[in-house]
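One structure below.
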Amino acid sequence: MRTKPDLSFSKLFNISFGFFGVQIAFSLQSANISRIFSTLGADPHNLSYFWILPPLMGMIVQPLIGKFSDKTWTRFGRRIPYLFLGAAMAVLVMCMLPNAGSFGLGLSAAMIFGCVSLMFLDTSINMAMQPFKMMVGDMVNEKQKAKAYSIQSFLCNAGSLVGFVLPFLLAKIGLEKVAPEGVIPDTVKWAFYIGAAFLILCVIYTTMTVKEYDPKQMAEFQQAAVAADNDGATAEFGKEQKSHALNVFVRVGIVQFFCWAAFQCMWAYTNGTVALSVWNTDVASSEAYQSAGDWVGILFAVQAVGSVLWATVLPRFKNIKVAYALSLLLGGIGFLCVPFVTDKWLLFVPFFLIGFAWAAMLAMPFTLVTNALEGSKSMGTYLGLFNCTICIPQIVIGLVGGSLLSLFKSVQGNMLLFAGAMIIIGALCVPFISTKRH
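As structure tokens, then:
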């Protein structure tokens, strides 16, 4: 029976290159959403509510994209049509969102415009993001998946690096980082415009250089994978494989819950934490607060550098669970350090460590789950559902974040201490993940 061939580095790279552009868009969103809505006039205790939209749309969109793309076969491919449509939508919305305060709207109307734009941005980013994970599952054999997802993690974090530093660099070349009250600064607007251009160009590159397997080839690969797993006894994704896949799905999902809850806290509350601890301000319209916002982009870029470097180390570990747990533990230490650092340069150290956890979160869960699902005809559907393990913890934090902040005496830095505790709990859960089918 025909098995999936080993792919060259260039082919593995091309499959995921468009993710570089998608991640620029995602990083611009994650680094600037709290800043945008704070600038529009949102109360800090309400910031977490705006962060409900991204994971909520992901939880709705990604399973649907997975289900529909499993059954889609066109001359352009199986996953690529959804990838391209999502990217095109994202480009349009990225030009709308940072203008939420530029149309002379009142506070409520500007907030509604921003929320609607954010909802469509997340819908489109999720449409563009999920096909990359599915294409690795479809096209890469089990032996190369860790390498393929590490390449994807590398490109993801390289894209994050670009997205995070764009506002800072634009300020350095002379664009205004301060605007009238309620208006988003030019540095943020132009960062989104440039990010949109990167996104569509990178996605076009992937669509032009990647040829997905056709239905006949996929059927042969699935049959061979299942037959090999059963010593040739059957050609179906049987009960034992399904049981193992469900076991891995649930246990990895538990780890995911703690990890993504932690990062949701980071995205929502780092800006306020750094503004207060380093710039001694909590006034969103002040130049100091906007400077803190630019610096948060740099810190997230440092996180991306840590992720890029750590992504090259992860494949060297012989035990995937050891690599996963160690990465999360080091990231948790980074989270715990952030609120206590008052020098903006010293903040590089904890964010570099946080990058280790991020690199593992981008690669390890999907490696474990897709290996458990090898031979299934519904890979996209399962991966779409697996995205709920990313979305649900973010929604939970979005719903309870304001209450937690009040419980923690309205000190945003305490939310990062909470995040550190969460991700360390996730690391302690990793040893319970099964990697054997029998």
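For the sequence shown, the numbering used here begins at 3 and goes up steadily by one. The C-beta atom is built at its ideal place from N, Cα and C for all residues, glycine as well. Just so it is clear, the structure is predicted and the values come from calculations on it, not from any experiment.
So is V185 buried or exposed if we call it buried at 16+ other beta carbons inside 10 Å?
-> Taking the first residue of the sequence shown as 1, we reach residue 185 at position 183. The residue in question, V185, is buried, as its Cβ has 16 or more Cβ neighbours within 10 Å.
Of all the options V138, A181 and M98, which has the alpha carbon lying nearest to the alpha carbon of T41?
-> On the sequence shown, position 39 is the one that residue 41 refers to. Minimum Cα distance to T41 is reached at A181.
Within its chain, find whatever has a CB closer than 7 Å to the CB of L123; leave out the 5 residues flanking it on each side and keep chain order.
-> In the sequence shown, residue 123 corresponds to position 121, counting from 1. Correct list, in chain order: Q31, A92, V95, M96 and L99.
Is there contact between the region 315-329 and the region 365-372, where contact requires at least three CB pairs shorter than 8 Å?
-> Judged by Cβ distances under 8 Å, the region 315-329 makes contact with the region 365-372, as three or more pairs qualify.
Count the CB pairs spanning the region 190-209 and the region 389-406 that are closer than 8 Å, and state whether there are at least three.
-> These segments do not touch.
Beta carbon of G165 nearer than 8 Å to that of G197 | Counting from 1 along the sequence shown, the entry for residue 165 is found at position 163. Counting from 1 along the sequence shown, the entry for residue 197 is found at position 195. Closer than 8 Å, so yes.
Of the listed residues E178, S309 and P65, nearest to Y384 (C-alpha basis) = Walking along the sequence shown from the start, residue 384 turns up at place 382. That would be P65, whose Cα lies nearest to the Cα of Y384.
Quick one: is L203 buried, meaning 16 or more other Cβ sit within 10 Å of its Cβ, or exposed?
-> Numbered from 1 along the sequence shown, position 201 holds the residue referred to as residue 203. It is exposed - the Cβ of L203 has fewer than 16 other Cβ atoms within 10 Å.
Where does E214 land, buried or exposed, given buried means 16+ other C-beta within 10 angstroms?
-> Position 212 of the sequence shown, counted from the first residue, corresponds to residue 214. Taking a 10 Å sphere around the C-beta of E214, we find 16 or more other C-beta atoms and assign the residue as buried.
Going by Cα to Cα distance, which pick from A294, A112, L418 and V351 is closest to A306?
-> Here residue 306 corresponds to residue number 304 of the sequence shown, with the count starting at 1. Considering only alpha carbons, the answer is V351.
Where G79 sits in the DSSP three-state scheme | The residue labelled residue 79 in the question sits at position 77 within the sequence shown. If DSSP states are grouped into helix, strand and coil, G79 belongs with the strands.
To the nearest angstrom, report how far apart C431 and I54 are at their CA atoms.
-> Taking the sequence shown and counting its residues from 1, the one referred to as residue 431 is at position 429. Taking the sequence shown and counting its residues from 1, the one referred to as residue 54 is at position 52. About 25 Å.
Where Y215 sits in the DSSP three-state scheme = By one-based count along the sequence shown, residue 215 stands at place 213. Reduced to three states, the DSSP call for Y215 is coil.
Cβ neighbours of A290 in the same chain (closer than 8 Å, five flanking residues each side left out) | Looking up residue 290 in the sequence shown gives position 288. Counting only Cβ-Cβ distances below 8 Å, and skipping sequence neighbours, we find A277, W281, N282 and T283.
Separation of A247 from T236, as counted between CA atoms | Along the sequence shown, one-based indexing puts residue 236 at 234. Along the sequence shown, one-based indexing puts residue 247 at 245. Low per-residue confidence applies at T236: pLDDT is 45, beneath 50, and the placement is therefore not dependable, though the value from the model is reported in the following sentence. When rounded, the distance between both Cα atoms is 17 Å.
Taking A1 and L330 to be in contact with their CB atoms under 8 Å, please state how far apart those CB atoms are, rounded to whole angstroms.
-> Look at the range of the chain in this structure, 3 to 440, and you will see that residue 1 is not part of it.
At a cut of 8 Å, does the region 64-78 reach the region 307-321 through at least three beta carbon pairs?
-> By the criterion of at least three beta-carbon pairs nearer than 8 Å, the region 64-78 is not in contact with the region 307-321.
When the Cα atoms are used, what is the spatial distance from L355 to A361?
-> If you number the sequence shown from 1, residue 355 lands on position 353. If you number the sequence shown from 1, residue 361 lands on position 359. Across the structure, L355 and A361 are spaced so that their CA atoms are roughly 10 Å apart.
Beta-carbon proximity of T5 to A221, cut-off 8 Å | Here residue 5 corresponds to residue number 3 of the sequence shown, with the count starting at 1. Here residue 221 corresponds to residue number 219 of the sequence shown, with the count starting at 1. The Cβ-Cβ distance between T5 and A221 does not fall below 8 Å.
What do you reckon, are the CB atoms on A270 and G403 nearer than 8 Å?
-> Reading the sequence shown from its first residue, position 268 is the one you call residue 270. Reading the sequence shown from its first residue, position 401 is the one you call residue 403. In this structure, A270 sits near G403, with a CB-CB distance shorter than 8 Å.
Simplified DSSP assignment, three categories, for T41 | On the sequence shown, residue 41 is found 39 positions in, with the first residue counted as 1. When secondary structure is reduced to three states using DSSP, T41 falls in the helix class.
A111 burial status per 10 Å Cβ neighbour count (16 or more: buried) = In the sequence shown, the residue the question calls residue 111 occupies position 109. Around the beta-carbon of A111, fewer than 16 other beta-carbon atoms lie within 10 Å, marking it exposed.
What did DSSP end up calling F319 once you bin it into helix, strand or coil?
-> The count along the sequence shown starts at 1 and reaches residue 319 at position 317. If DSSP states are grouped into helix, strand and coil, F319 belongs with coil.
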